[in-house]
Amino acid sequence: MIREITIGQYYQTDSILHRLDPRVKLIGTILYIVSIFLYRKPLPFALAALFLVLCIMLSKVPFRYMIRGLKTILFLMLFTAAFNLFLTPGEIVWSIGKLGISKEGILATVYMILRMILLIIGSSLMTLTTTPNQLTDAMEKLLWPLTKIHLPVHEVAMMMSIALRFIPILLEETDKIMKAQMARGADFESGNLLKRMKAMVPLLVPLFIAAFRRANDLAMAMEARCYQGGEGRTKMKPLRYKGRDTGAFVVLICYLAAMIVLGKGLIPIL
Amino acid sequence: MPIIIDHLTHEYETGTAMAHKALEDISLQIPDGQFVGLIGHTGSGKSSLIQHLNGLLKPTDGTVYVDGEDIFDKDYELKKLRSKVGLVFQYPEHQLFEADVFTDVCYGPKNLGLDQKEIELRAYEALKKVGFPDEAFYVSPFDLSGGQKRRVAIAGVLAMKPKVLILDEPTAGLDPKGRDEILELVRQMQRELQMTVILVSHSMEDVANYVDRILVMSKGRIILDGEPAEVFTHREELEEAGLALPQVTYVVQDLQKEGFHLEGSITTVSQAADAIMKEF
Numbered sequence: 006m007i008r009e010i011t012i013g014q015y016y017q018t019d020s021i022l023h024r025l026d027p028r029v030k031l032i033g034t035i036l037y038i039v040s041i042f043l044y045r046k047p048l049p050f051a052l053a054a055l056f057l058v059l060c061i062m063l064s065k066v067p068f069r070y071m072i073r074g075l076k077t078i079l080f081l082m083l084f085t086a087a088f089n090l091f092l093t094p095g096e097i098v099w100s101i102g103k104l105g106i107s108k109e110g111i112l113a114t115v116y117m118i119l120r121m122i123l124l125i126i127g128s129s130l131m132t133l134t135t136t137p138n139q140l141t142d143a144m145e146k147l148l149w150p151l152t153k154i155h156l157p158v159h160e161v162a163m164m165m166s167i168a169l170r171f172i173p174i175l176l177e178e179t180d181k182i183m184k185a186q187m188a189r190g191a192d193f194e195s196g197n198l199l200k201r202m203k204a205m206v207p208l209l210v211p212l213f214i215a216a217f218r219r220a221n222d223l224a225m226a227m228e229a230r231c232y233q234g235g236e237g238r239t240k241m242k243p244l245r246y247k248g249r250d251t252g253a254f255v256v257l258i259c260y261l262a263a264m265i266v267l268g269k270g271l272i273p274i275l
Numbered sequence: 372m373p374i375i376i377d378h379l380t381h382e383y384e385t386g387t388a389m390a391h392k393a394l395e396d397i398s399l400q401i402p403d404g405q406f407v408g409l410i411g412h413t414g415s416g417k418s419s420l421i422q423h424l425n426g427l428l429k430p431t432d433g434t435v436y437v438d439g440e441d442i443f444d445k446d447y448e449l450k451k452l453r454s455k456v457g458l459v460f461q462y463p464e465h466q467l468f469e470a471d472v473f474t475d476v477c478y479g480p481k482n483l484g485l486d487q488k489e490i491e492l493r494a495y496e497a498l499k500k501v502g503f504p505d506e507a508f509y510v511s512p513f514d515l516s517g518g519q520k521r522r523v524a525i526a527g528v529l530a531m532k533p534k535v536l537i538l539d540e541p542t543a544g545l546d547p548k549g550r551d552e553i554l555e556l557v558r559q560m561q562r563e564l565q566m567t568v569i570l571v572s573h574s575m576e577d578v579a580n581y582v583d584r585i586l587v588m589s590k591g592r593i594i595l596d597g598e599p600a601e602v603f604t605h606r607e608e609l610e611e612a613g614l615a616l617p618q619v620t621y622v623v624q625d626l627q628k629e630g631f632h633l634e635g636s637i638t639t640v641s642q643a644a645d646a647i648m649k650e651f
């Protein structure tokens, strides 16, 4: 049932992408996302797609895991497509009633869909190859300069890792509670909206109580270990750039350069 | 309401790298009114097995017949089954949610669509049956002790008047006194209501004194099936499955090895005491 839902969908395997420093992957993903929004021409898109395919192949993660992320935004894609198709002004090529599809609209739709696909697959690739903990580590390290202006970076990162850690636990708990109530004849699936919302009460009350109890236990355990936040705290596995990370940065810069060259049309034969 | 389990197999996370079989080709029959102990180490598949018996989990292969009907048939009404086969989960915290004990116990019968009078009557009977004190009926279930919570949880299922009662580790987290009380209660209910009871546990001590039949699970399979005294003769198999015999059995077996002739099948402390007294 609920066991099959995955959030923080890390895929365990050993590849060069898994071993990269999470900071590289985070920066890389952000730059990649920026790069697909830079130009609206076929060649840069081809390059972006090619780069992504190469990365996927390097990651050793089966392709169907990438597709999974797309399912969740299918509705959003359909909406965007519909709006772009019908509401972009320009040369009308086909129409029903007052709604017309313009040439520009088709183009805009194709680009928008392509961008969304690349964006989702690109960021899935990062979450598939990086554990949530590595990711928050990277974020903490990258945002560290902000402590100068008194932003509680460590605390925010800590909150994020705790929240992420609790997702699978609470999902499992939800599953158990659902089963316990179903064994008492609960029905979560039929009836109208109001009835279904009411049916949620026997699920939510034990879940909230469990969440508070766990939070309490965790706070107690942290107190018992004298946890007191970021100041002067060291890590068991500090993040350090290695040779392969430098290599990855070089590849990234080459990709961006190629993107700009193609996008600006600097090579006339293409 | 005999239960027949027919070549039941269940695989988790089919088609992924983490795929593993929780149950493998399990076939057995449980006749009416039997008190069965289902024993296994953590992760042996006992929880998965019992969740098939009231349709909470769907098998990958094989099926279960309750009362001669295939419960995984498309047209079978699972909701009806859940009033016939009652399942009490390990942690009462997972099911208690109402503001007071009585209303919480009413939840099960209410889901059966009974009228208010019948619902309250059943809740009252169930709470009486588990020996819950009248004056605590309108206390919040969250303010109760572990043992009392468990009683309320059992009453919550009992109020649906099941013919088969399955209890998943009903003694987990209880002190010895609370444990004995709950087990004694289960035995008493089983006799009075003529129910089939399946008691899941990882402790032989728990079940040895109470059940008619022991099923031992290991790695998703049933490895032993028989009366307690018979099952306890398979010391090696049990230890290999990560289970220990009741301590008294070890004492008796060691005594026998030393040349004392203790007679009869001995699974409980009082039986052992009688046998030893007879010897002298």
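If you're matching them up, the sequences are chains A and B in order. Using my numbering, the letters of the first sequence correspond one by one to residues 6 to 275. Using my numbering, the letters of the second sequence correspond one by one to residues 372 to 651. Think of the CB as a built atom: it goes at the ideal place given N, C-alpha and C, for glycine as much as any other residue. Note that the structure is predicted; figures quoted are calculated from it, not measured.
* **Chain-order list of residues whose beta-carbon lies under 8 Å from that of residue 623 (chain B) (same chain, five-residue window excluded)** => Position 252 of the second sequence, counted from the start, is the residue given in the question as residue 623 (chain B). Correct list, in chain order: 633, 637, 643 and 646.
* **Same chain, Cβ closer than 8 Å to residue 445 (chain B), neighbours up to 5 away in sequence not counted** => What you label residue 445 (chain B) is simply residue 74 of the second sequence in a count that begins at 1. So no residue of the chain qualifies.
* Asked: Comparing the C-beta of residue 453 (chain B) with each C-beta of chain A, is any distance below 8 Å?
  -> Counting from one through the second sequence, the residue named residue 453 (chain B) turns up at place 82. Judged by the 8 Å Cβ criterion, residue 453 (chain B) is in contact with chain A.
* To do: Output, in sequence order along the chain, the residues in the stretch 499-518 of chain B whose CB is closer than 8 Å to any CB in chain A.
  => 513
* Taking 8 Å as the CB-CB limit, is residue 487 (chain B) close to chain A? -> Here residue 487 (chain B) refers to the residue found at position 116 of the second sequence. No, its Cβ sits nowhere closer than 8 Å to a Cβ of chain A.
* Locate the alpha helix (DSSP H) running through residue 423 (chain B), then write down its first and last residues. => The count along the second sequence starts at 1 and reaches residue 423 (chain B) at position 52. First-last of the alpha helix (DSSP H) with residue 423 (chain B): 417-424.
* Asked: Within the 8 Å Cβ cut-off, does residue 23 (chain A) reach chain B?
  -> By 1-based counting over the first sequence, the position of residue 23 (chain A) is 18. Chain B contact via Cβ: absent.
* To do: Please decide whether residue 559 (chain B) counts as near chain A, where near means a Cβ-Cβ distance under 8 Å.
  => Here residue 559 (chain B) refers to the residue found at position 188 when the second sequence is read from its first residue. No, its Cβ sits nowhere closer than 8 Å to a Cβ of chain A.
* Under the three-state reduction of DSSP, which class applies to residue 502 (chain B): helix, strand or coil? -> As a position in the second sequence, residue 502 (chain B) is number 131, starting the count at 1. Here residue 502 (chain B) sits in coil by DSSP.
* Whose C-alpha, out of A:128, A:101 and A:59, is nearest the C-alpha of residue 34 (chain A)? -> Position 29 of the first sequence, counting from 1, holds the residue named residue 34 (chain A). Out of A:128, A:101 and A:59, A:128 has the C-alpha closest to the C-alpha of residue 34 (chain A).
* Can at least three beta-carbon pairs, one atom from the stretch 372-386 of chain B and one from the stretch 554-563 of chain B, be found at a separation below 8 Å? -> Judged by pairs of C-beta atoms under 8 Å, the stretch 372-386 of chain B does not touch the stretch 554-563 of chain B, as fewer than three such pairs exist.
* Opposite residue 406 (chain B) in the DSSP bridges: which residues? -> Along the second sequence, one-based indexing puts residue 406 (chain B) at 35. According to DSSP, residue 406 (chain B) bridges with B:568.
* Asked: Ordered along the chain, which non-local residues of its own chain (more than five positions away) have a Cβ less than 6 Å from that of residue 253 (chain A)?
  -> On the first sequence, position 248 is the one that residue 253 (chain A) refers to. Excluding residues within five positions, the ones whose Cβ falls inside 6 Å are 25 and 29.
* Under 8 Å between the Cβ atoms of residue 133 (chain A) and residue 37 (chain A)? -> Locating residue 133 (chain A) in the first sequence gives position 128, where the first residue counts as 1. Locating residue 37 (chain A) in the first sequence gives position 32, where the first residue counts as 1. Taking 8 Å as the Cβ cut-off, residue 133 (chain A) and residue 37 (chain A) do not qualify as a contacting pair.
* Within the 8 Å Cβ cut-off, does residue 544 (chain B) reach chain A? -> Residue mapping note: residue 544 (chain B) aligns to position 173 of the second sequence, counting from 1. For residue 544 (chain B), the answer is no, since every Cβ of chain A falls outside 8 Å of its Cβ.
* In three-state terms, what does DSSP make of residue 483 (chain B)? -> Locating residue 483 (chain B) in the second sequence gives position 112, where the first residue counts as 1. If DSSP states are grouped into helix, strand and coil, residue 483 (chain B) belongs with coil.
* Minimum Cβ-Cβ distance from residue 411 (chain B) to chain A less than 8 Å -> Taking the first residue of the second sequence as 1, we reach residue 411 (chain B) at position 40. Judged by the 8 Å Cβ criterion, residue 411 (chain B) is not in contact with chain A.
* **Given 8 Å, three or more beta-carbon pairs between the stretch 459-466 of chain B and the stretch 490-497 of chain B** => no
* Would you please verify whether the beta carbon of residue 467 (chain B) is less than 8 Å from any beta carbon of chain A? => Locating residue 467 (chain B) in the second sequence gives position 96, counting from the first residue. It does: the Cβ of residue 467 (chain B) has a partner Cβ on chain A nearer than 8 Å.
* Asked: Cα separation between residue 118 (chain A) and residue 497 (chain B)?
  -> Residue numbering aside, residue 118 (chain A) sits at position 113 when the first sequence is read from its first letter. Residue numbering aside, residue 497 (chain B) sits at position 126 when the second sequence is read from its first letter. One C-alpha to the other measures close to 59 Å.
* **chain B within 8 Å of residue 10 (chain A), Cβ atoms only** => Within the first sequence, numbered from 1, the residue matching residue 10 (chain A) stands at position 5. Because residue 10 (chain A) sits at a pLDDT of 45, beneath the cut-off of 50, its placement in the model cannot be relied upon, and the point is left open.
* **Local conformation of residue 8 (chain A) per DSSP, three classes** => Start at 1 with the first residue of the first sequence, and residue 8 (chain A) comes out as number 3. Residue placement at residue 8 (chain A) is poorly supported in this model, since its pLDDT is 44, which falls under 50; the coordinates still yield a value, given next. Looking at residue 8 (chain A) - three-state DSSP - the assignment turns out to be helix.
* Can you tell me whether DSSP reads residue 240 (chain A) as helix, strand or coil? -> Numbered from 1 along the first sequence, position 235 holds the residue referred to as residue 240 (chain A). Assigned with DSSP and collapsed to three states, residue 240 (chain A) falls in coil, not helix or strand.
* Apart from the five residues just before and just after residue 257 (chain A), which ones in its own chain have a Cβ nearer than 6 Å to its Cβ? -> Indexing the first sequence from 1 puts residue 257 (chain A) at position 252. 33, listed in sequence order.
* To do: Just the C-alpha distance for residue 450 (chain B) and residue 540 (chain B), rounded to the nearest angstrom, thanks.
  => For the purposes of this step, residue 450 (chain B) is taken as residue 79 along the second sequence, with counting starting at 1. For the purposes of this step, residue 540 (chain B) is taken as residue 169 along the second sequence, with counting starting at 1. Their Cα atoms are separated by approximately 24 Å.
* Asked: Quick one: complete beta strand (DSSP E) runs, 3+ long, within the stretch 592-646 of chain B?
  -> 592-597
* Does any residue of chain B bring its CB to less than 8 Å from the CB of residue 222 (chain A)? -> Translated into positions along the first sequence, residue 222 (chain A) becomes position 217. So, not an interface residue.
* **Length of the line joining the Cα atoms of residue 655 (chain B) and residue 527 (chain B)** => Past the boundaries of the shown model lies residue 655 (chain B); chain B is included only from 372 to 651, so the question cannot be answered.
* Flag residue 26 (chain A) as yes if its beta-carbon sits less than 8 Å from any beta-carbon of chain B, otherwise no. => For this step, residue 26 (chain A) is matched to residue 21 along the first sequence. For residue 26 (chain A), the answer is no, since every Cβ of chain B falls outside 8 Å of its Cβ.
* Work out the CA separation of residue 432 (chain B) and residue 420 (chain B) for me, nearest whole Å. => Position 49 of the second sequence, counting from 1, holds the residue named residue 420 (chain B). Position 61 of the second sequence, counting from 1, holds the residue named residue 432 (chain B). Cα-Cα distance, rounded: 13 Å.
* In this structure, does DSSP put residue 578 (chain B) in helix, strand or coil? -> Your numbering for residue 578 (chain B) matches position 207 in the second sequence. Of the three classes helix, strand and coil, the one that applies to residue 578 (chain B) here is helix, per DSSP.
* If the cut is a Cβ gap below 8 Å, which residues of chain B does residue 187 (chain A) touch? -> Start at 1 with the first residue of the first sequence, and residue 187 (chain A) comes out as number 182. Around residue 187 (chain A), the beta-carbon contacts reaching into chain B at under 8 Å are 427 and 453.
* Cutoff 7 Å; reference residue 553 (chain B); Cβ partners in own chain excluding five residues on either side -> Residue numbering aside, residue 553 (chain B) sits at position 182 when the second sequence is read from its first letter. For residue 553 (chain B), where only same-chain residues beyond five positions count, the Cβ hits under 7 Å are 518, 521, 541, 542 and 545.
* Write down every uninterrupted run of the beta strand (DSSP E) in the stretch 430-472 of chain B whose length is 3 residues or greater and which is fully enclosed by it, in chain order. => 432-437 and 456-459
* **Spatially closest choice to residue 407 (chain B) from B:458, B:567 and B:456, by CA coordinates** => Along the second sequence, one-based indexing puts residue 407 (chain B) at 36. Considering only alpha carbons, the answer is B:567.
* Report yes if the C-beta distance between residue 467 (chain B) and residue 507 (chain B) is below 8 Å; otherwise report no. => Looking up residue 467 (chain B) in the second sequence gives position 96. Looking up residue 507 (chain B) in the second sequence gives position 136. Not a contact, by the Cβ cut-off of 8 Å.
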